[in-house]
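**Student:** Counting with the working numbering, you get residues 8 to 86 for the letters of the sequence shown.
Just so it is clear, CB atoms sit at the ideal spot from N, CA and C, and this is done for glycine as well.
Model, not experiment: these values are computed from the prediction.
Sharing a structure below in structure tokens format, with a few things to ask.
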Amino acid sequence: MRRTQIYLSEAERQGLLALAQRSGRSQSALIREAIDAFLEQHQPQGRLARLRQARGLWAHRDDLPDWRELRQELDRACS
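See below:
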């Protein structure tokens, strides 16, 4: 690991300190975790993997309305 210095606003510093105290983790560990999450979220492969995981999430669900029926009802009501 390489040492890096960053500038934080007072609000950021206080929030980070409070979170570190509540979680029992170091401020450095929290910052590294946040950077890792940010980088993962902005990687094209990471985004694609999340989209693939979500594919079919609503398939075969009985608790969701029939969207065709809802659309037909709306079309009838508006005409």
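Within its chain, find whatever has a CB closer than 8 angstroms to the CB of R78; leave out the 5 residues flanking it on each side and keep chain order.
**Tutor:** So no residue of the chain qualifies.
**Student:** Below 8 angstroms, how does it come out for the stretch 33-44 and the stretch 13-24: are there three or more Cβ pairs, yes or no?
**Tutor:** These segments touch.
**Student:** Measuring only the C-alpha atoms, how far is R62 from R83?
**Tutor:** Near 32 angstroms, if we compare the C-alpha coordinates of R83 and R62.
**Student:** Can you tell me whether DSSP reads A27 as helix, strand or coil?
**Tutor:** It is helical.
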